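Inspection log for the structure reproduced underneath, given as structure tokens.
Protein chains in written order, with my numbering: chain G, 1 to 305; chain W, 306 to 610.
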């Protein structure tokens, strides 16, 4: 196990270095000079040279990258042109909203998806199965922003149950979480159904049935536990995708999270912020995938690293 | 093994292939006719194909069937609800939503098509090289792992940050974010095919690598490519629509479904039809591709059913 963790950590570090190089190069390919952006079009030649030297932009690209990585390792992701705060301060302030949104969505998506998947598998080839699969397919196919607008129209404009937009605590995260959760519920339901169908057909399930075990404990104690491995993989992967999906949903609901901030940074060409946010989100995605890998062995003792 | 095998003369190598080609042609015809039959009898594939046929037809026939002009503004007819002269209502400029959805289909479907074509061509070539020539494998897959460290929407947004906002750039961004999926699928298939005995046999006959890849490997990885393309088409349309919705893709007044929904968001309380109908069109098209993809997977690889 420890050897596996070591290997996995090594490959994660290699990927992270690659990601940092990619993000660094991408941001340097962006047309337009950040110095002109900061000082304006009418800055003097001396001021431009001085600012370039202050920002380290007069150095070769490789040196700039090394400086950048040194700063990143010290927790310095640069300073936002928009707000004047450091990117880390921005992330610290906004991350709790994004992570709450992703977590609530994941909980909604997992509960709804697993229950729908179980129902579809147990009632295979019945109207329940078909209905569950049609709903999950619609959940996968519908754009997140469309579900969001639909829910806002019903619950905010027609019934005034939830706020239309903005962040006022947990209450204002309910609709966004349902929106994001429905999309992942579709994927989880399909995976749970196919995994459950495989397990249900196995001999030990027939034995459990022959012993006269009641339906509910048979499904939840025997079938579900064995069917959960691919589902857990998917749930883990969904967390990363939900963080990215939050970009759209936060924009629709005007939530002050990382997603809406990254769109603002792109449209206003705030390079350090874009660079920092993309790197941070990719880092989270990679870490999540690694944790998912390690959780396998806890769920299924047959898996040994 | 190939180096120790005796070299055959041209006449010897040319003697057997016609017989083999005829055999493989017959087998291939039988295989594809069987697949065709499976597709026709597959409810999921047929319903998906019908939905797509409908949307492709109305998009192509838009100039003839659109009841109103797509660009002409009529301020006296702003925010008219669905019904009467305007089947799906009018927008904030008094333009007919139904006509704009018909024309918008051209843009949205084209975005999906271009993205899948670019990603497919590059992804298949890289996947073939990675799977067949193991010496390139580690480099290509490391780059793919780095790209996979970003959720596809986040990667597309990061690329837009570099390339700038716009329809063409959105297509390129969506295509780049879809490449890793193709590389992974094709590489996996090629890895198993290259170990097959018939590949060893043609290698022993002295056939060039290029011919082996083109004539013997590629036809055998076609099935997963077709299935992936169908599913990826839907995903690409979703990502492209999300980019347009965020204001990073197609820009108003281009009648693109995502940007139409974005414009309608500001008037959701008074004209829900402005956002909900374009979003419904996206959902139905993506649903069509998902149904078709599921059906094709069942038809092309019945073991996975």
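Note that beta-carbon positions come from the ideal geometry of N, C-alpha and C, so glycine has one too. Owing to the predicted nature of the structure, the values given are computational and were not obtained by experimental measurement.
- Taking residue 567 of chain W as the centre and dropping the five residues before and after it, the same chain places the C-beta of 549, 550 and 552 closer than 7 Å to its C-beta, in chain order.
- In this structure, residue 350 of chain W keeps its C-beta atom at 9 Å or more from the C-beta atom of residue 356 of chain W.
- Residues of chain G whose Cβ lies closer than 9 Å to the Cβ of residue 531 of chain W do not exist, since the nearest Cβ in that chain is about 19 Å away.
- Interface residue (Cβ-Cβ distance to chain W less than 9 Å): residue 26 of chain G is classified as such.
- Straight through space, the alpha carbons of residue 432 of chain W and residue 443 of chain W are spaced by roughly 12 Å.
- Between the C-alpha atoms of residue 411 of chain W and residue 358 of chain W there is a straight-line separation of about 13 Å.
- Distances from the alpha-carbon of residue 398 of chain W to those of W/491, W/362, W/577 and W/381 put W/381 closest.
- For residue 226 of chain G, the closest C-alpha among the options G/282, G/76, G/204 and G/237 is that of G/204.
- Less than 9 Å separates the beta-carbon of residue 395 of chain W from that of residue 402 of chain W.
- Annotated as distal: residue 175 of chain G and residue 167 of chain G, with beta-carbon spacing of 9 Å or more.
- Comparing alpha-carbon positions, the option among W/464, W/489, W/352 and W/485 lying closest to residue 478 of chain W turns out to be W/464.
- For residue 16 of chain G, the closest Cβ of chain W is nearer than 9 Å.
- Look at residue 126 of chain G here: in three-state DSSP terms it is coil, with no helix or strand label.
- For the C-beta of residue 22 of chain G, the chain W residues within less than 7 Å are, from N- to C-terminus, 451.
- DSSP lists G/79 as the bridge partner or partners of residue 86 of chain G.
- Sixteen is the threshold: since fewer than 16 other Cβ atoms of the shown chains lie within 10 Å of the Cβ of residue 337 of chain W, the residue is exposed.
- In this structure, residue 137 of chain G lies near residue 596 of chain W, with their beta-carbon atoms less than 9 Å apart.
- With a 10 Å radius around the Cβ and a threshold of 16 neighbouring Cβ atoms, residue 75 of chain G comes out exposed.
- Look at the region 234-249 of chain G: the residues with a C-beta under 8 Å from a C-beta of chain W are 240, 241, 243, 244, 245, 247 and 248.
- Below the 9 Å Cβ cutoff, chain G contributes 140 and 141 as neighbours of residue 539 of chain W, in chain order.
- Within the region 573-588 of chain W, those residues whose Cβ lies closer than 7 Å to any Cβ of chain G are, in chain order, 573, 574, 577, 580, 581, 584, 587 and 588.
- A direct Cα-to-Cα measurement between residue 272 of chain G and residue 256 of chain G gives close to 18 Å.
- Listed along chain W, the residues sitting closer than 9 Å to residue 286 of chain G by beta-carbon distance are 454.
- In the structure shown, residue 41 of chain G adopts coil according to DSSP, grouped into three states.
- DSSP, read as helix, strand or coil, puts residue 401 of chain W in strand.
- Assignment of residue 388 of chain W by DSSP, reduced to helix, strand and coil, places it in the strand class.
- Between residue 262 of chain G and chain W, the shortest Cβ-Cβ separation is below 9 Å.
- Residue 2 of chain G is outside the set of residues whose beta carbon lies under 9 Å from a beta carbon in chain W.
- Excluding the 5 residues flanking it on each side, residue 151 of chain G has same chain C-beta neighbours closer than 7 Å at 175, 178 and 179, in chain order.
- Here residue 559 of chain W carries a coil assignment [DSSP, helix/strand/coil].
- If you ignore the 5 residues before and after residue 184 of chain G, its C-beta comes within less than 6 Å of the C-beta of 109 and 238, all in its own chain and listed in chain order.
- The Cβ atoms of residue 193 of chain G and residue 117 of chain G sit closer than 9 Å to each other.
- If you check each beta-carbon in the region 458-479 of chain W against every beta-carbon of chain G, the ones closer than 9 Å belong to 458, 459, 460, 462, 463, 464, 465, 466, 467, 468, 469 and 470.
- The region 239-258 of chain G makes no contact with the region 469-489 of chain W; the number of CB pairs closer than 8 Å stays below 3.
- Following the DSSP letters along the chain, one finds residue 369 of chain W inside the alpha helix (DSSP H) bounded by residues 367-370.
- G/261 is the residue among G/111, G/278 and G/261 whose C-alpha sits nearest the C-alpha of residue 83 of chain G.
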